[in-house]
Amino acid sequence: MENDILIRINGVSKAFDGETVLDHVSLDIHDKEFITLLGPSGCGKTTTLRIIGGFETPDTGDVFFDGKRINDVPPYERLVNTVFQKYALFPHLNVYENVAFGLRLKKTPEAEIKEKVQEMLAMVNLKGFERRRVTTLSGGQQQRVAIARALINRPRVLLLDEPLGALDLKLRKDMQNELKRIQRETGITFIYVTHDQEEALSMSDTVVVMAGGQIQQIGTPEDIYNEPENAFVADFIGESNILDGIMLEDFKVKFSNHIFTCVDKGFGKGEKVDIVVRPEDVDVVAIDKGMITGVVTSVTFKGDYYEIIVDVQGFKWMLETSDHVAPDTTIGLFIEPEAIHVMKKSEYSGMFGDYSSFSDELEHLGDPEEEVEE
Numbered sequence: 001m002e003n004d005i006l007i008r009i010n011g012v013s014k015a016f017d018g019e020t021v022l023d024h025v026s027l028d029i030h031d032k033e034f035i036t037l038l039g040p041s042g043c044g045k046t047t048t049l050r051i052i053g054g055f056e057t058p059d060t061g062d063v064f065f066d067g068k069r070i071n072d073v074p075p076y077e078r079l080v081n082t083v084f085q086k087y088a089l090f091p092h093l094n095v096y097e098n099v100a101f102g103l104r105l106k107k108t109p110e111a112e113i114k115e116k117v118q119e120m121l122a123m124v125n126l127k128g129f130e131r132r133r134v135t136t137l138s139g140g141q142q143q144r145v146a147i148a149r150a151l152i153n154r155p156r157v158l159l160l161d162e163p164l165g166a167l168d169l170k171l172r173k174d175m176q177n178e179l180k181r182i183q184r185e186t187g188i189t190f191i192y193v194t195h196d197q198e199e200a201l202s203m204s205d206t207v208v209v210m211a212g213g214q215i216q217q218i219g220t221p222e223d224i225y226n227e228p229e230n231a232f233v234a235d236f237i238g239e240s241n242i243l244d245g246i247m248l249e250d251f252k253v254k255f256s257n258h259i260f261t262c263v264d265k266g267f268g269k270g271e272k273v274d275i276v277v278r279p280e281d282v283d284v285v286a287i288d289k290g291m292i293t294g295v296v297t298s299v300t301f302k303g304d305y306y307e308i309i310v311d312v313q314g315f316k317w318m319l320e321t322s323d324h325v326a327p328d329t330t331i332g333l334f335i336e337p338e339a340i341h342v343m344k345k346s347e348y349s350g351m352f353g354d355y356s357s358f359s360d361e362l363e364h365l366g367d368p369e370e371e372v373e374e
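Counting from 1, one number per residue, gives the positions in the sequence shown under the working numbering.
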């Protein structure tokens with residue numbers, strides 16, 4: 001809705017040392033929204049966050065806050081606070097004084113400081129930690145102190161730059177739930193940066209997928225997962241089989257040498273397209289019941305399902321099934337019309353979606369320990 005737009009980024013570009021990091025980015029952020037900028041390292045998401053916070057200035061384009069242009073407004077004059085991955089707490093101050101710091105700068109009366117610090121510590125589940133030195137706290141507890149310190153001034157917007165990156169998996173999950181709860185309770189707009197797809201999908205009202213300094217898609221987590229707009233988004237959000245196809249007519253598409261009924265329309269007759277089929281949406285059936293057939297090349301037990309790679313005419317599909325299938329078995333694949341998603345060709349076509357080189361080792365090689373500054 002137009003009237004609840006809090007931040008408007010309009011045609012913003014930014015280059016560092018002659019290299020374009022943001023390329024004409026436009027984005028509306030609504031009041032009380034939990035919005036996540038999601039993408040791989042170097043995609044421009046952190047630079048976008050820093051421009052909103054006032055730590056960087058756009059080369060071209062404008063940033064508006066509540067309808068006012070703020071390109072040249074310094075960070076301390078913006079109603080915005082930031083929580084970094086490195087929590088930047090003051091090691092010589094205890095928990096209470098770290099949280100109270102912003103109010104002390106404003107010369108807030110002591111009674112009011114005490115009341116607000118207690119309120120914030122209760123919100124982040126750190127009651128009773130007031131006198132503890134921050135250096136004695138766990139990573140998750142330090143994270144909570146940083147959030148309490150950022151929220152105590154009641155900013156309109158909280159910027160969070162990979163804030164959970166240093167935490168272990170279980171703590172990350174707990175803090176995801178905590179952050180969502182805090183955002184709902186305070187009604188503060190959260191702008192969150194991550195390269196973790198699951199984190200983005202589970203926490204956000206809106207996800208902005210970025211690559212190459214440009215926004216690839218904006219939508220709800222459900223939209224982004226179920227209706228990706230191009231091969232990059234389909235591949236980056238979860239696992240996807242992405243194949244070359246030809247749109248024969250509305251609701252009819254050909255790929256893997258078979259004509260399928262689909263639910264997509266509005267493409268040109270004979271238009272070359274990209275096809276996305278999620279691994280969990282393919283049914284393993286007897287050969288005579290299959291629309292297409294393939295040979296199982298690998299089987300990995302994942303606890304509540306098997307992940308199998310199937311060679312279909314030289315293209316390696318990934319499937320998830322609850323039935324055990326033996327390697328080297330020929331199987332049938334059955335795909336419902338709703339499971340086929342047709343996308344227009346893009347610059348990312350042909351780059352993703354075939355699992356010929358897939359392995360858990362390769363996947364982990366792609367996980368940076370820590371995101372580089374963008």
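Glycine included, C-beta positions come from ideal geometry on N, C-alpha and C.
Can you pull the DSSP bridge partners for residue 257? Position 257 of the sequence shown holds residue 257. Within the DSSP secondary-structure output, residue 257 pairs in no beta bridge.
Going by C-alpha to C-alpha distance, which of 209, 230, 114 sits closest to residue 220? Residue mapping note: residue 220 aligns to position 220 of the sequence shown, counting from 1. Of the listed residues, the one whose Cα sits closest to residue 220 is 209.
Based on Cα-Cα distance, which residue from 186, 131, 139, 13 lies nearest to residue 50? By 1-based counting over the sequence shown, the position of residue 50 is 50. With distances taken between Cα atoms, residue 50 lies closest to 13.
Is it the case that the region 224–236 contacts the region 52–61, given that we only count it when at least three CB pairs across the two stretches are under 8 Å? Using a C-beta cut-off of 8 Å, the region 52–61 makes no contact with the region 224–236, since fewer than three inter-stretch Cβ pairs fall below that distance.
In angstroms with no decimal places, state the Cα-to-Cα distance between residue 186 and residue 35. Along the sequence shown, one-based indexing puts residue 186 at 186. Along the sequence shown, one-based indexing puts residue 35 at 35. Linking residue 186 to residue 35 through their CA atoms gives a straight-line distance of about 15 Å.
Check for me: the beta strand (DSSP E) holding residue 233 runs from which residue to which? The residue you call residue 233 lines up with position 233 of the sequence shown. For residue 233, no beta strand (DSSP E) encloses it; the enclosing alpha helix (DSSP H) starts and ends at 231–236.
If contacts are defined as beta-carbon pairs under 8 Å, then residue 8 and residue 31 qualify, I think. What distance do you get, rounded to the angstrom? For this step, residue 8 is matched to residue 8 along the sequence shown. For this step, residue 31 is matched to residue 31 along the sequence shown. Going by Cβ atoms, the distance from residue 8 to residue 31 rounds to 12 Å, so no, they are not a contact pair.
Where DSSP assigns a beta bridge to residue 385, which residues make up the other side? Residue 385 lies beyond the residue range present for the chain, which begins at 1 and ends at 374; the question has no answer from this structure.
Within 10 angstroms of its Cβ, does residue 373 collect 16 or more other Cβ (buried), or is it exposed? As a position in the sequence shown, residue 373 is number 373, starting the count at 1. In this prediction, residue 373 has a pLDDT of 45, which is less than 50 and means its spatial position is unreliable; what the coordinates show is noted afterwards. In this structure residue 373 is exposed. Its beta-carbon is surrounded by fewer than 16 other beta-carbon atoms within 10 angstroms.
Using 10 angstroms around the beta-carbon of residue 98, count the other beta-carbons present and answer buried if the total reaches 16, otherwise exposed. Numbered from its first residue, the sequence shown carries residue 98 at position 98. By the neighbour-count rule (16 or more Cβ atoms within 10 Å), residue 98 is buried.
Under the assumption that residue 254 contacts residue 245 (Cβ atoms under 8 Å), give the Cβ distance between them as a whole number of angstroms. As a first step, residue 254 must be located in the sequence shown, where it is residue number 254. As a first step, residue 245 must be located in the sequence shown, where it is residue number 245. Separation of the CB atoms of residue 254 and residue 245 is rounded to 6 Å, and the pair is thereby assigned contact status at 8 Å.
Short Cβ contact (9 Å threshold) for residue 283 with residue 336: Taking the sequence shown and counting its residues from 1, the one referred to as residue 283 is at position 283. Taking the sequence shown and counting its residues from 1, the one referred to as residue 336 is at position 336. Taking 9 Å as the Cβ cut-off, residue 283 and residue 336 qualify as a contacting pair.
Determine the extent of the alpha helix (DSSP H) in which residue 131 is found, giving its start and end residues. Along the sequence shown, read from residue 1 onward, the residue named residue 131 stands at position 131. That residue, residue 131, is in no alpha helix (DSSP H); it is neither H nor E in DSSP.
Between 107, 115, 81, which has its C-alpha nearest residue 96's C-alpha? Start at 1 with the first residue of the sequence shown, and residue 96 comes out as number 96. When each option's Cα is compared against that of residue 96, the closest is 115.
Tell me the rounded alpha-carbon separation between residue 218 and residue 37. In the sequence shown, the residue the question calls residue 218 occupies position 218. In the sequence shown, the residue the question calls residue 37 occupies position 37. Here the alpha carbon of residue 218 sits roughly 9 Å from the alpha carbon of residue 37.
Only counting the same chain, and skipping five residues up and downstream in sequence, which positions put a Cβ closer than 7 Å to that of residue 33? Sequence index remark: in the sequence shown, residue 33 carries index 33 (1-based). 189, 205, 206.
What number of angstroms, rounded off, separates the C-alpha of residue 141 from the C-alpha of residue 149? Within the sequence shown, the letter at position 141 stands for residue 141. Within the sequence shown, the letter at position 149 stands for residue 149. Rounded to whole angstroms, residue 141 to residue 149 spans 12 Å at the Cα level.
Bridge partners - residue 62, DSSP secondary structure assignment: Within the sequence shown, the letter at position 62 stands for residue 62. As DSSP reads the structure, residue 62 sits in a beta bridge with 10.
Contiguous alpha helix (DSSP H) assignments of at least 4 residues, all confined to the region 66–117: List check, alpha helix (DSSP H) in window: 95–105.
For residue 122, does the count of other Cβ atoms within 10 angstroms reach 16, so buried, or fall short, so exposed? Residue mapping note: residue 122 aligns to position 122 of the sequence shown, counting from 1. Exposed is the call here.
According to DSSP, simplified to helix, strand and coil, what is residue 5? Within the sequence shown, the letter at position 5 stands for residue 5. DSSP places residue 5 in strand when its eight states are reduced to three.
Does the pairing of the region 177–185 with the region 18–26 give three or more beta-carbon distances under 8 Å? They do not touch, by the three-pair rule.
Please name the residue in 67, 280, 248 whose C-alpha comes closest to that of residue 259. Here residue 259 refers to the residue found at position 259 of the sequence shown. The candidate whose alpha carbon is nearest that of residue 259 is 248.
Does residue 120 come out as helix, strand or coil in the three-state DSSP assignment? Residue 120 sits at position 120 when you count from the first residue of the sequence shown. When secondary structure is reduced to three states using DSSP, residue 120 falls in the helix class.
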